[in-house]
Structures are given as structure tokens and as C-alpha cells.
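Heads up, the thing below is written out as C-alpha cells.
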Amino acid sequence: IAATQPSTDWHLKENARDHHTSRFSSKELIVRRGQAFTVTFNGTEQPEQSLTFIAETGPKPSKLAKTQATFGISSTVSKESWSAVLQSTSASSVSISISSPPNAVIGRYKLSVQSTSSNSSSPASLGTFVLLFNPWSSGDDVFMPNKAECEEYVLEEFGIIFAGNKNHINSFGWNFGQFQGDILNICLSMLDRSLNYRQDPATDVSHRNDPKYVGRVLSAMVNYNDDHGVLLGNWSGNYEGGKSPSSWTGSGEILQNWKKSGFKPVKYGQCWVFAAVLTTVLRCLGIPTRTITNFSSAHDADGNLRVDEFYDASGNHLDRAADSIWNFHVWNESWFSRSDLGSSYSGWQVLDATPQEESGGIYQCGPASRNAIKEGDVDLDYDCPFVFAEVNADCMYWNYDPATGKKTLIFSKSTVIGQSISTKAVGRDDRVDVTNDYKYEEGSTKERDIFKKARKKLGLEDKFDPTAPTPQEIDQKPDISGKFKVAGPLEVGKELNLILVLANLQSDAKTVHANMTAWSTVYTRRPVREIWKDSISVTLSPKEEKQFPIKILYPEYQQQLTTDNTIQVTALCHVEGGIQVLVQRDITLDNPAIDIQVLGEAKVNKEVDVEVVFTNPIDTEVMDCVLQVEGNDLLRGILEIDVPPLKASEKSSTKFKLTPFETGPKHLLVNFSCDKFADIKTFKMVNVID
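If you count the sequence shown from 1, position 29 lands on 29 in full-length UniProt numbering, and the numbers rise without skipping.
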């Protein structure tokens, strides 16, 4: 090799096209493992057969740890190791095709070349490239045979996240933005800032060939706990000192803020923010990933497959248990094989970056095989009991007397938890229900058998649990039934009309005293502020049903509402001579609508006008109005526009210009906030043409 530094042509365009990495906006070669890429370099005067290549990654590259490979030119591609095949030579340059094995360590590599025939012993550097997981390659652990699924779960930068509650599912768009500017470098620095890397960098890097390992490490790094990761969680309802979790519209801003601040935690996250950021990072590295929303999701803190909720005599939901039932919870599924468990456990794996319970001493969760969850195989790695409980736990509702510490079971239910488990459809903006992939039909004998199997594997069947209700308590039958019916629109700014329906199930008259409360909550159903309370006494004739209308006016709840727009309504009914009956309902109020129109055709590199229209639905002025807009390939960064105050019922129209820079279907995301309404979100598909 001549003493001069060889110049390298990485064939960026062709390699990126072949490796599905064209969406990255990088000047560095980004390729996927188990697949050939072409490199041309000059400055060699030696016979090609005497060239040796060195590819190495991490702080202490070694052959033993598979973080260094040395290979010469051969006539065929090796499946097991790195190899180089000669493409063509000219007087001054050599083109070679380099292949990595399908289980190579991912990350940034240095590539060097050395000649065995000359006396010069030091290798010449050809530069660096980044190697990613390859779902298009059948030898890769993350291989996904369905190409449309690869497109959605690796290459799609737009997502839809489902929220609300089981009676009222709503959704909002999210910009994953895994191919934006610096995101790949930030993802790699997340790996390098993990606890494992800090403790033993060389060993950590050598494990980065394994999607199980990478997924688990990143589930810890997305939250701030333990390792100074990306996002700080906050479920208090008070988000001073940061951005409210519901105000984010994409992961890019969060990851860039983390890096720009010198890796200080970004404030604040809640479950869908953690899950969306993990989706971005894993898609960026090439692991097929999606977000999953579980409605009525159990947080079983003590591992007994049971969640306990406590209410006082007035019907207030007490925030005293470590267990809770969230209106919804969002986690991730990533697709890869499980050689550690056996092929029947391969496929979708649950990962969860929301810091809920420690696993192995730190806040991380998964990968838990979705098939293992469905079959009740809760003894398998990783964190299956916690995930199993999220979709299957039994619920116990207790009356608790703070004065005496006495608790009495009101009722128990085994069919409440884990409903309408949802994800975005492949290739379209629709909801797909995947509940049947997590469990057998609710209430079926198979589903109960799996629950018993899980309890047995966790050793819960044989040991006496002093906190559990007695069989007599569980079997007691109430004399009356109750429910809350919605009677009118569920919209922020309008009065809330409900009906409490009480029915006497017996053939003799019953006297009932009902204590009713309404509290604003966060989406985890944690009570934040009391809105309203009332009580009624009524005598129900045999088999009689009575209705009691409830009206809560907008001014009564407006100040109390959290950014989640959720209210929990409860009636604790004391029946004379019988057991208590708890009636409750979680209500999610919809924000008013906001509308986006693209005025004219969207063409590449041509300005186009966009109009956002909002009508103030309430009879008071709204102020501090801000419009936030983002969209991949439509605008760079985030556009923030201050909107003037709006009088009662006034309509505002805000116009701005876009200059799209890529063709195809793109999504524009809009978030509108003011002093009375938090984070009104909508998105619009914009088809950009040439």
C-alpha cells in the first residue's frame, strides 16, 4: 500500500438502495448485516490477492468477541464470517464487495486495508460505516418474511397511538422520525451510555449482535431512572419545569433535546412517549417494532396476579395501593427469534420502557415472548409475570376504613383487565385489535386454565395469602345492581350529563344510600382533584329500576381537569341489610375538533399553503393559543405559531407555508393548545407529487 491515504468511494446511493437505508440523510455508509455492499478505493499498487481487510467496532476490538474481523479476498461469499469478493480492478483502483455474517455485531465500524506482500505493516484506514440489523435477510434473528410489514415496522416514520379508555378509544398521530438528521448517532450513543457499557464496554459491544440484548438495554435507556436515560416520567398532573407529556408530537425533538442538553433528562414522559421513543430507536437500528395499547391495563406491583383498589365510605378512590388499573398503557412489540426459548416463542416480543417495576435491579422490561404470555408460560425470560398480569390480572375492589384499617371486599372481577389491545394497521391509518394474540377468549375455560397454570408456575396456588379475600367474600351476591349511563356529548367545554341507574334484584324492597363523587384523574386513574360530590337515599320496590340524572357543569370541572381530560365517577351504595355495591365509570372527554386543509397540490420543492381552522366552542375567551406543526419531508424541525386570543364561539384561521422535499404520502401533525384546552391533536395525510 502506498504511504498516501487511499481515497474511498462508498457507493452511497447504490448501497443504500440495496440495503433499504436510503431514508437516512447521512454522508456515511449505512448498511445492513448479512448482505453485500460495494467499496472502491485507490492508492493500491499491490496484487489484489495480497490485500487483507480489517473491520472492527467498539473500544477493544477482538476476534474472540467477534468485534474484529480480518479477511482477504475470496472467490465466494461466506455465510459464517466476513468476506470480500473482487468486483473489478483498474490501474489505480480496486472495487470489492464486502459481506458481513447475518449475526454480526451492529454499530459503527472502522474499515482498514493492509497488504501482506509489502513491508509496510500498518493498515491504511478506508473510513467508517454503520452496520444495522437486517429484517430483509433470512439469516437474521430479526428476519420478517412479509415485505409490507418490513416497510411498516422499520421504514415507516409515521405512527398512530391509541388512547382514551375501553368504552371510548381515541387516537393521535406520532412522528417517529427514525431517519432524521442525527437520530442514528443518538441511538448509538444511547447504547454507549448504558449501565452495561459503563461496567464493561468490550463485553457490552460483543452482545450487540443480539436483538434480545439490544432491546432490553434500550428499554432501560429510554427512561431516566438508573442510567440517566432519555425521559423523566411524571404522572402527577403538574408538569412545571418541563413539557406536559401530551404536548409532544414526535420523538425527534425529545432525542435531540437529550443530546443538546448534554444528556440531561427530557421532561416529561408518560407511557406512550416512552413507547414511541423506543419505537424510533429500534426501527432506526433495524429491529421491526410497533406500539401496542392495552386498555384497562393492570400494574400488579406485588406479583400476585391480582390488583387491589380501595374506596372509602364516601366513594372516594383512595390512592393507597401500589397496584393500579390504568385506563390504557402503551408498550412495544419487537419482532425477532428466541433461540434461548425455542422457535415456538419467536415472533413478537413485548418490551416496555415505562419505569413501572424493577427487573434485574433496574427499570427495564422484556423481551417477553407474546406467545409465552398467551400460553401462561410465565417462568420464561424476561418479565413474563408482569406482562401477563397487565392483560390478565384479577381485580379486587375493597372498602377501606382509614380510622380502623379494616378492609371489606366489595366485589371481584376476572374479566376487566386487558381489553381492546390495539395497534396501527400495516399500510393504512386504521386500528387493528390484537387481544386474541395475548389471551384466549375472556371467560372461556381455556382462558381460566391458562390463568391457573400461570398462578401455579408463580407458586401462588399453594401458598396462603392473608391479603386475599375468603371464598365466602368472593361468592357473596349483591341485592342491587348499578351503572352509570352517558346521556349527552362527552366534550370538554360542554356540561357532563350522566344517569345513575340502580336496580333492585330481589323480590323485597331495598333501601339504598349512595355516596357519589367525581374526580379528575390522570390516565393511570390516579385521582388528582375532586370535582363534585353528592349523596342520595332511595327505597327500591321489588325488581324496580330507578334513574338518577347527574349534571356537572363545565365551570365546575374546567379548573380541575388534567391534560388527559379524564374524570372518574363513583357511587358507593350502602344497601340496608346487604353488601355494598360499587358503581364506577371512567370518562374521557374529547377535545373540540381542529381542521387542516392543504390549499392546492403539494409538489416537491414548491411552496404550498396550509390552513388550520379552530372554532372556540365555549362562551368565554381562550388565550395563550399556540399551534405546533411537524411532518417528515414536509418541513424541517417544528413550526410554532402564536395564535391571537379567540372570543366566545369565534373561529380562527391560521395559514402557513410548506415546501415538501420528498415525494409520496407524508403526514402533517398539528397540536393546538390554549389556556382552556390542552393539546388538541390532528394529522393529515399529504400526498406529495413530482
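Don't be surprised by glycine CBs; every beta carbon is placed ideally from N, CA and C.
Since the model is a prediction, treat every value here as computed from it, not as a measurement.
Ser653 carries a strand assignment under DSSP once its states are collapsed to helix, strand and coil. By the Cβ criterion, the region 450 to 468 is in contact with the region 295 to 309, since at least three pairs of Cβ atoms, one from each stretch, lie closer than 8 Å. Bounds of any alpha helix (DSSP H) do not take in Arg431; it lies within the beta strand (DSSP E) bounded by 431 to 433.
Contact annotation, Ala487 with Leu498: C-beta distance approximately 6 Å; criterion of less than 8 Å satisfied. Contact between the region 312 to 319 and the region 292 to 300 is absent: fewer than three C-beta pairs spanning the two stretches fall below 8 Å. Around the CB of Thr40, 16 or more other CB atoms lie within 10 Å, so the residue is classed as buried. When rounded, the separation of the alpha-carbon atoms in Asp204 and Lys66 is 12 Å. By the Cβ-count criterion, Arg198 is exposed, with fewer than 16 other Cβ atoms from all chains shown falling within 10 Å of its own Cβ. Here Val214 is not near Leu255, since their CB atoms are 8 Å or more apart.
Per DSSP, the continuous alpha helix (DSSP H) segment holding Gln472 begins and ends at 471 to 475.
Beta-carbon to beta-carbon, Thr524 and Trp272 are separated by about 12 Å, too far to satisfy the 8 Å threshold. Asn371 counts as buried, since no fewer than 16 other beta carbons sit within 10 angstroms of its beta carbon.
The three-state reading of DSSP puts Tyr382 in coil, since its state is none of H, G, I, E or B. Taking C-beta atoms as the reference points, Val130 and Gly286 fail to come closer than 8 Å.
In this model, Lys483 and Ala503 are separated by some 9 Å (Cα to Cα).
In this chain, the beta strand (DSSP E) harbouring Leu639 covers 639 to 643. The region 673 to 687 and the region 588 to 595 touch, with three or more beta-carbon pairs separated by less than 8 Å. The beta carbon of Ala425 sits closer than 8 Å to the beta carbons of Arg431, Val432 from its chain, once the five residues preceding and following it are set aside; these are given in chain order. If the five residues before and after Ser481 are omitted, its C-beta is found closer than 8 Å to the C-beta atoms of Leu502, Ala503, Leu505, Val581, all from its own chain and listed in chain order. Taking C-alpha positions only, Gly376 is separated from Gly347 by approximately 16 Å. When beta bridges are read from the DSSP output, Val85 appears opposite Ser74, Ser97.
When DSSP assignments are scanned along the region 225 to 249, the uninterrupted stretches of beta strand (DSSP E) that are 3 or more residues long and fall wholly within it turn out to be 231 to 233.
At a Cβ-Cβ threshold of 8 Å, Gln419 and Ser219 do not count as neighbours. Separation of the CB atoms of Pro101 and Gly34 is rounded to 6 Å, and the pair is thereby assigned contact status at 8 Å. In this structure, the CA atom of Val154 is about 14 Å from the CA atom of Gln180. Boundaries cannot be given for Phe677, as no alpha helix (DSSP H) includes it and DSSP labels it neither H nor E. DSSP places Leu12 in the uninterrupted alpha helix (DSSP H) bounded by 12 to 18. Trp136 sits in coil when the DSSP states are folded into three classes, being neither helix nor strand. When only Cα atoms are considered, Asn170 and His20 end up about 33 Å apart.
With respect to the C-alpha of Lys546, the residue from Glu152, Val538, Ile552 having the closest C-alpha is Val538.
Looking at the backbone, the Cα of Gly427 and that of Lys147 are separated by about 11 Å. DSSP places Met221 in the uninterrupted alpha helix (DSSP H) bounded by 211 to 221. For Asn332, the enclosing beta strand (DSSP E) begins and ends at 324 to 336.
Rounded to whole angstroms, the gap between the alpha carbons of Lys439 and Val608 is 48 Å. Taking a contact to require three or more Cβ pairs closer than 8 Å, the region 74 to 85 and the region 9 to 18 do not qualify as touching.
If only uninterrupted alpha helix (DSSP H) runs of at least 4 residues are considered, those enclosed by the UniProt domain "Transglutaminase-like" (263 to 355) are 271 to 285.
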